[in-house]
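Residue numbers (our numbering): 60 to 628.
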């Protein structure tokens, strides 16, 4: 039995269509459960009644830790490549439901149906956990027997039947942005040349903008001693989503799931007094999360991703002004990207309902919460508040959008950390010569580049603005006689920094133009005998039917460079 446990503010689900002939009969068509632990369950081949007790026990254990009174059992076959027979799976889920009903208000989603669902995850360290249950108990990766029967590898198959044409998974494949390979594994995207170009343009743009705003870029290793994550307090909270440790010289090392501990060590190297603050460290840092293959999702939910990460170290008196600067940077960058339909959510602690979740001094929490609220009001952004949704180390804001399926997604976040700096012993000397602990703002304007690119593809339907387009200009030769002229023009544009490609294949002109249009290239230049003789080009602009003839190449190049410089939408 494989389970994914999500501590949620709510889940809403609606059976739409029978997935199997003997699906459960239902009367009610819409369900909503508030403040609950949602347990997605996949019964595996070979499961018997012996897994019921262990599964119910593990669910009880997590429910107790997150202090919930409601549990939703949600059949979800996609967590496993080897599902059990439907009648066995239904029987086991009913038994688990019966066992949990003794102590909790328990709900079970209908079995055998295609269901639409929406849930809001609480976002604390224990809010997303995965478990594999066997008859012998909960099995961790390191405890698995060395000799075991290999299951056939799950195939990465994109089912297009229910997907919108603007879904980033379809566009990513169609436009040659990324590829998910069975040989590499689920949740491990391969960036194809066009995708890596797009990703690199975003990375370089953010570096340029952040350095203009006083950020200092750093680089950190991909593996780290486990003792570091014990020191910061991350290991107890995140171990279930971290990869198994690697033994190096009898010490445990982990692939890093976050960049903040490394930046804290750099802070200790750079800062002595209040005069060194604020310190803004930034990194395009690769991180790793051990997601179940059944829940990986295009570029949205992956096992390795690069964060547009930053940690800003401030005194308490600098917190509000620095947070306003972060909000301004959000606005400036999103204006350039053409992002409009987004909103903020302010997540605050709830010490009365869940005092054990939020560590640290409540006075520090109140100060941080009031400063963030005040900064958002002063900057003039609208936001909703969510009590009890803060991270374990401080209040935060999330940037919310709607994806191609009209579902709410978080694309970026900014968090205030008032706990870990003390654990790490971070300090500075204040104006009176006393040692003080800084406050840290964790900030990711674009979130992860993977998720942000998925959002960009869906919002633009693949029609990326000129400055972001992997291929900005496609040059099409009419005959072989025109190839040399096309090559010279492409070389000239590349010298000027324009991403241009020549299509000199032995196809018809109409075919090559159609191919460039399907790739959503912003500009198509055609060179035939007439154009070569006159030293001109014919220009086609994306989504505009009119063709401009007799255009001088130098004039066109200047126009394109101007558009790129202005980052025209």
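Glycine included, C-beta positions come from ideal geometry on N, C-alpha and C.
{"Asked": "Please classify residue 545: is it buried, with 16 or more other beta-carbons within 10 angstroms of its beta-carbon, or exposed?", "Found": "buried"}
{"Asked": "Count the other CB atoms, across all protein chains shown, that sit within 10 Å of the CB of residue 602; report buried if there are 16 or more and exposed otherwise.", "Found": "exposed"}
{"Asked": "May I ask you to report which of helix, strand or coil DSSP gives residue 92?", "Found": "strand"}
{"Asked": "Could you tell me if residue 56 is buried or exposed, where buried requires 16 or more neighbouring beta carbons within 10 angstroms of its beta carbon?", "Found": "With the chain represented from 60 up to 628, any question about residue 56 goes unanswered, as that position is not in the structure."}
{"Asked": "Alpha carbon to alpha carbon, how far is residue 193 from residue 392?", "Found": "48 Å"}
{"Asked": "Given that a residue counts as buried once 16 or more other Cβ atoms are within 10 Å of its Cβ, and exposed if not, what is residue 607?", "Found": "exposed"}
{"Asked": "Measuring only the C-alpha atoms, how far is residue 174 from residue 88?", "Found": "10 Å"}
{"Asked": "Where DSSP assigns a beta bridge to residue 141, which residues make up the other side?", "Found": "Partner(s): none; residue 141 has no beta bridge."}
{"Asked": "DSSP state of residue 284, grouped into three classes?", "Found": "strand"}
{"Asked": "As a quick exercise: from 618, 542, 449, 578, pick the residue whose alpha carbon is nearest that of residue 585.", "Found": "542"}
{"Asked": "Just to confirm my understanding: we take residue 443, look at its own chain, exclude 5 residues before and 5 after, and list those with CB closer than 8 Å. What are they?", "Found": "402, 403, 404, 405"}
{"Asked": "How big is the Cα-Cα spacing for residue 311 and residue 294?", "Found": "12 Å"}
{"Asked": "Just to confirm, are residue 222 and residue 238 a CB contact at a threshold of 8 Å?", "Found": "no"}
{"Asked": "Taking the beta strand (DSSP E) that residue 301 falls in, what are its first and last residues?", "Found": "Counting along the chain, residue 301 falls outside any beta strand (DSSP E), and DSSP gives it neither H nor E."}
{"Asked": "Please confirm if the segment 348 to 359 is in contact with the segment 376 to 387, defined as three or more CB-CB distances below 8 Å between the two stretches.", "Found": "no"}
{"Asked": "Does the beta-carbon of residue 535 have 16 or more other beta-carbons within 10 angstroms, so that it is buried, or is it exposed?", "Found": "buried"}
{"Asked": "For residue 225, is the beta carbon positioned less than 7 Å from some heavy atom of the ligand NAD?", "Found": "Because no ligand of any kind appears in the structure shown, any question about the ligand NAD cannot be addressed here."}
{"Asked": "Under DSSP, the beta strand (DSSP E) around residue 175 begins and ends at which residues?", "Found": "172 to 180"}
{"Asked": "Specify the secondary structure class of residue 434 as computed by DSSP and reduced to three states.", "Found": "helix"}
{"Asked": "From what residue to what residue does the beta strand (DSSP E) around residue 449 run?", "Found": "Unbroken run through residue 449: none, as it is neither H nor E."}
{"Asked": "Closest to residue 126 by CA distance: which of 614, 619, 94 is it?", "Found": "94"}
{"Asked": "By DSSP, does residue 534 sit in helix, in strand, or in coil?", "Found": "strand"}
{"Asked": "Straight-line CA distance for residue 506 to residue 472?", "Found": "7 Å"}
{"Asked": "Looking only at its own chain, which residues have a Cβ that is under 8 Å from the Cβ of residue 73, when we skip the five neighbours before and after it?", "Found": "88, 89, 90, 174, 175, 176"}
{"Asked": "Measuring CA to CA, which of 284, 322, 290 is closest to residue 308?", "Found": "284"}
{"Asked": "Nearest-angstrom Cα distance between residue 372 and residue 185?", "Found": "26 Å"}
{"Asked": "If you reduce the DSSP assignment to three classes, tell me which class residue 459 lands in.", "Found": "strand"}
{"Asked": "Step through the CB atoms of chain C and report whether any lies within less than 8 Å of the CB of residue 74.", "Found": "Absent from the structure: chain C. Only one protein chain is present."}
{"Asked": "Please list, in chain order, all residues of the same chain as residue 616 whose beta carbon is under 8 Å from its beta carbon, the five residues on each side excluded.", "Found": "551, 552, 555, 557"}
{"Asked": "With H, G and I counted as helix, E and B as strand and the rest as coil, what does DSSP make of residue 410?", "Found": "coil"}
{"Asked": "Based on Cα-Cα distance, which residue from 306, 263, 317, 296 lies nearest to residue 281?", "Found": "317"}
{"Asked": "Would you call the CB atoms of residue 131 and residue 60 closer than 8 Å?", "Found": "no"}
{"Asked": "Quick one: what does DSSP say residue 501 is sitting in, helix, strand or coil?", "Found": "strand"}
{"Asked": "Can you tell me whether residue 627 is buried or exposed, with buried defined as 16 or more other CB within 10 angstroms of its CB?", "Found": "exposed"}
{"Asked": "Exposed or buried, residue 105, counting other C-beta atoms within 10 Å across all chains shown (16 or more means buried)?", "Found": "exposed"}
{"Asked": "Taking the alpha helix (DSSP H) that residue 484 falls in, what are its first and last residues?", "Found": "Counting along the chain, residue 484 falls outside any alpha helix (DSSP H), and DSSP gives it neither H nor E."}
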